Amino acid sequence: MGKFEKRLAAYNEKYGDEKKQSKFSYNYSAEQIVYRNEALRTNNRGLYEEYINTLQDLDHEKELAEFDSIAPRIMKLDRASFLAWANDKAIQLVESDIYIFDEDAILKGIRLEDVEDEKFDVESTWNELVHNIHIPEELAKDRVYFWVFDE
């Protein structure tokens, strides 16, 4: 069983069909998040399209258009480039799609001034496998490279 299949099995075991929402991310089942992550990182739209076509309750065209708008903005950065990206964009927190300590997590930047009345207990999000939050400088201590969604 490969890395993708193991990840998919772990997320399905924990969440099943449960939907996980986040104020900063799209609403997906955990399984859909894993498929989208894999397809975005590997530039494999066909994988995501095949998966989306198995789901009855989604607007397939909308989902694929969203994927197509995001895909060109996914970047793999080394540690120095990641920190420069966060600094240049005034990002104070990052939110992951899959588990934040997984090297394949795609990170989205959060600027606190763009968020109304939110208080973040970063570590409390680490009990989940999706939508975790961390401080970029702290996360940079634990990794060599980072996948980011450059909005």
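Numbering of the sequence shown is given in my numbering, commencing with residue 13 and proceeding in unit increments. Backbone N, C-alpha and C define an ideal beta-carbon position, used for all residues, glycine too. A quick note: this is a predicted structure, and the numbers were derived from the prediction, not measured.
Item to check | Burial state of residue 121 (16 or more Cβ within 10 Å) | outcome: buried
Checklist entry - Enumerated in chain order, which unbroken segments of the beta strand (DSSP E) with a length of 3 residues or greater are wholly contained in the segment 73 to 144? => result 86 to 90, 105 to 108, 118 to 122
Item to check | Three-state secondary structure assigned by DSSP to residue 160 | outcome: strand
Checklist entry - Is the Cβ-Cβ distance between residue 85 and residue 161 less than 8 Å? => result Yes, these two residues count as a Cβ contact at 8 Å.
Item to check | Contact between the segment 109 to 118 and the segment 90 to 100 (3+ Cβ pairs under 8 Å) | outcome: no
Checklist entry - Between the beta-carbon of residue 45 and the beta-carbon of residue 134, is there less than 8 Å? => result no
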